[in-house]
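In what follows, a single structure is set out as structure tokens and then discussed.
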Ligand SMILES: [Zn+2]
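Residue numbers (the UniProt record's numbering): 1 to 331.
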């Protein structure tokens with residue numbers, strides 16, 4: 001009996017150790033290595049809130065993305081979510097995928113990898129379908145996961161699934177139905193995301209650290225700030241010297257500077273329907289740029305320079321922002 005108790009205690013001890021280690025580690029985010037052109041530069045476009053079968057000027061924006069994509073010789077495209085309106089995809093055979101993506105972004109320069117997060121509208125459809133590798137058989141450019149990392153040598157891009165952070169979708173869904181498979185309970189799910197992102201950020205040695213989510217941290221558009229992200233995600237971005245937070249959700253283009261760190265908040269959610277006419281706080285000194293209309297954003301990086309540009313539906317540059325970083329020796 002005494003021997004049994006001793007063995008049980010030893011077993012319990014090891015179970016506790018394993019549990020503590022696994023809690024401390026979290027689940028590692030999947031990382032995709034994206035080799036760049038080899039000249040130390042990285043160029044990509046950022047687009048959000050787009051999939052409307054070409055309507056609401058989606059096709060015009062796509063055309064201009066093609067031209068700018070060629071000029072910049074882009075490496076890939078980042079989508080900030082709300083990929084398919086109004087209610088995501090119904091399944092992997094939903095024609096909306098081809099009608100809103102494959103048939104719209106036809107320019108040669110856009111035949112690159114697309115890295116996408118989910119938006120709240122995507123959660124109103126069959127989420128598993130939008131995440132399914134089967135879509136890559138239809139269009140090899142498509143890659144959408146809940147949260148993951150793109151390692152593009154001089155930059156690491158941390159893609160974060162922000163919709164489950166917003167409690168209102170759970171408690172006040174109105175007449176919408178959300179596909180919450182795999183994210184229930186949301187408190188546990190989001191705590192694990194934050195743990196994973198923090199671990200990845202702490203290990204990152206990239207020159208540029210970029211976090212992408214669907215919901216804004218700071219916005220003067222219709223939806224405004226996402227307070228839960230201000231409270232739970234922003235402190236982590238500040239602590240690990242993230243350079244940019246990029247998002248969609250508000251159907252506009254915005255550039256807002258953090259008041260307490262060098263972080264720049266960049267909204268690119270103007271891939272189709274825009275002109276909401278709802279803006280507040282434009283006179284704030286942290287707001288550098290706001291465009292209530294369709295368009296997209298480009299990001300050009302070298303080890304020491306970053307240039308962000310915003311384009312309207314005609315492909316005209318509306319706003320340009322540059323930052324330099326001193327090279328310092330690796331530790
Ligand atoms: Zn949205």
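Just so you know, even glycine gets a beta-carbon here, dropped at the ideal spot from N, CA and C. Source: prediction; values computed, not measured.
Is it the case that the Cβ atoms of residue i and residue j are separated by a distance below 7 Å?
{"i": "residue 29", "j": "residue 148", "result": "yes"}
{"i": "residue 84", "j": "residue 112", "result": "no"}
{"i": "residue 211", "j": "residue 230", "result": "no"}
{"i": "residue 281", "j": "residue 82", "result": "no"}
{"i": "residue 98", "j": "residue 214", "result": "no"}
{"i": "residue 66", "j": "residue 107", "result": "yes"}
{"i": "residue 87", "j": "residue 38", "result": "no"}
{"i": "residue 303", "j": "residue 74", "result": "no"}
Between the alpha carbons of residue i and residue j, how many angstroms are there, rounded?
{"i": "residue 205", "j": "residue 119", "result": "28 Å"}
{"i": "residue 103", "j": "residue 326", "result": "43 Å"}
{"i": "residue 251", "j": "residue 269", "result": "5 Å"}
{"i": "residue 122", "j": "residue 175", "result": "15 Å"}
{"i": "residue 45", "j": "residue 151", "result": "16 Å"}
{"i": "residue 59", "j": "residue 255", "result": "24 Å"}
{"i": "residue 319", "j": "residue 262", "result": "18 Å"}
{"i": "residue 278", "j": "residue 299", "result": "27 Å"}
{"i": "residue 197", "j": "residue 158", "result": "7 Å"}
{"i": "residue 139", "j": "residue 100", "result": "12 Å"}
{"i": "residue 188", "j": "residue 310", "result": "37 Å"}
{"i": "residue 55", "j": "residue 166", "result": "28 Å"}
{"i": "residue 169", "j": "residue 293", "result": "26 Å"}
{"i": "residue 203", "j": "residue 42", "result": "21 Å"}
{"i": "residue 233", "j": "residue 260", "result": "14 Å"}
{"i": "residue 130", "j": "residue 62", "result": "21 Å"}
Out of the options, which has the shortest C-alpha to C-alpha gap to residue i?
{"i": "residue 191", "options": "276, 114, 164", "result": "164"}
{"i": "residue 78", "options": "281, 291, 282, 271", "result": "271"}
{"i": "residue 287", "options": "294, 214, 293, 267", "result": "267"}
{"i": "residue 264", "options": "245, 116, 276", "result": "245"}
{"i": "residue 217", "options": "313, 235, 207, 173", "result": "235"}
{"i": "residue 322", "options": "305, 178, 96", "result": "305"}
{"i": "residue 136", "options": "92, 312, 73", "result": "92"}
{"i": "residue 227", "options": "162, 34, 133", "result": "162"}
{"i": "residue 315", "options": "297, 195, 186", "result": "297"}
Is residue i near ligand 1, in the sense that its beta carbon is under 6 Å from a heavy atom of that ligand?
{"i": "residue 249", "result": "yes"}
{"i": "residue 126", "result": "no"}
{"i": "residue 119", "result": "yes"}
{"i": "residue 82", "result": "yes"}
On the CB-based measure, 16 or more other CB atoms within 10 Å of its CB, does residue i come out buried or exposed?
{"i": "residue 114", "result": "buried"}
{"i": "residue 284", "result": "exposed"}
{"i": "residue 57", "result": "buried"}
{"i": "residue 64", "result": "buried"}
{"i": "residue 219", "result": "buried"}
{"i": "residue 94", "result": "buried"}
Less than 7 Å between CB atoms is the rule here; does residue i satisfy it with respect to chain B?
{"i": "residue 81", "result": "Structure shown: chain B not included; a single protein chain is present."}
May I ask you to check if the CB of residue i is nearer than 6 Å to at least one heavy atom of ligand 2?
{"i": "residue 120", "result": "Inclusion of ligand 2 in the displayed structure is not the case, the ligand content consisting of ligand 1 alone."}
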